[in-house]
Amino acid sequence: MQVAFTYDEATLIALPGPAAPPAQTDAWARAAAARLADRHADGAVDVDALIDVLAHAQARAAADPSTNLLVFEPVTRAWAPARFTLVERELDAAEQRRFLQPAAILPPQRRLCATEGLGLGCSVTVLDEQGRGRVAWLFVVPGLTFVAALDPLAAPAVLPAAASVESTLATIRIDDRRRAASAAFDARAFVYPEPTEDLAWRA
């Protein structure tokens, strides 16, 4: 199945993954770094460092069927990897709960996230013991599950970097179709749980 999306080239770089032969990785990384640097004339982008980061990220993504991206947050100048994955089945209720209630040092923050292409989904934001942030999104549509993850990144960069990813998620289409949330996925129940629900979250 084809997952299509558009993104802001000033804050995101999509890695070619298996589509690029390993011999072309260095040339691709140099070109991608130069394009991003051209969009930030204030010298916010360390081109040499970015080339190295991209080359290593692409080497890891070369055998990954998911879509891998590198997110740049220009205010804090932080970088973070993002990953989009399509699962060709619906996660069941227990799997949904585990995804949206990860172990964390503070209570996970959940919120609704609606897109035209995937319907109503849910995101969860957590901090690890080193104070780094992780944001993950879950969309369950009939017969399919789409998940996205952004981590790790410094806490001050979490909100702006997540906003950049959410702008991209808003453009997602699977096989060029708009889809609605599955009847087996109640995103609101995770954001507004019943008072008696067990919300254990501690690591």
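Residue numbers (the working numbering): 63 to 265.
Built from N, CA and C at the ideal position, the CB exists for glycine as well.
With DSSP run on the structure shown, which of helix, strand or coil describes residue i?
i	result
P214	strand
L98	helix
G179	coil
A66	strand
A76	strand
R250	helix
S185	strand
V220	helix
I234	coil
V107	coil
R239	strand
Work out the CA separation of residue j and residue i for me, nearest whole Å.
i	j	result
P218	G195	9 Å
E157	E135	31 Å
V107	A82	24 Å
A121	A225	27 Å
C175	A96	33 Å
F201	R145	14 Å
R101	S185	29 Å
T154	P170	Going by the sequence as given, residue 154 is Asp instead of Thr. Cα-Cα distance, rounded: 20 Å.
L116	E256	44 Å
A111	A94	12 Å
T177	T187	18 Å
P127	A243	23 Å
M63	E152	15 Å
V253	A232	19 Å
R160	D213	17 Å
A85	V109	20 Å
Residue i lies in the alpha helix (DSSP H); which residues open and close that run?
i	result
R266	Outside the shown range of the chain, which is 63 to 265, sits residue 266, and nothing can be said about it.
Out of the options, which one is the CA nearest neighbour of residue i?
i	options	result
L189	A81, Q163, F201, A155	Q163
A211	R159, L132, Y254, L112	L132
T129	P84, G179, V65, Q192	V65
R268	A165, D213, A140, L182	Past the edges of the chain, shown from 63 to 265, lies residue 268, and the structure says nothing about it.
G179	G79, A165, V197, T207	T207
T73	V197, A198, W141, R250	W141
A119	P255, L98, E228, D88	D88
A165	R139, V197, P143, E150	V197
I75	T230, A251, F252	T230
D248	A124, V203, T138	V203
Y69	F161, R241, V137, L98	L98
V149	T138, V209, Q192	V209
E191	W199, L168, R160	L168
W199	G205, L215, V227	V227
Please go through the stretch 118-175 and give each complete beta strand (DSSP E) segment of 3 or more residues, from N-terminal end onward. The qualifying runs are 129-135, 140-149.
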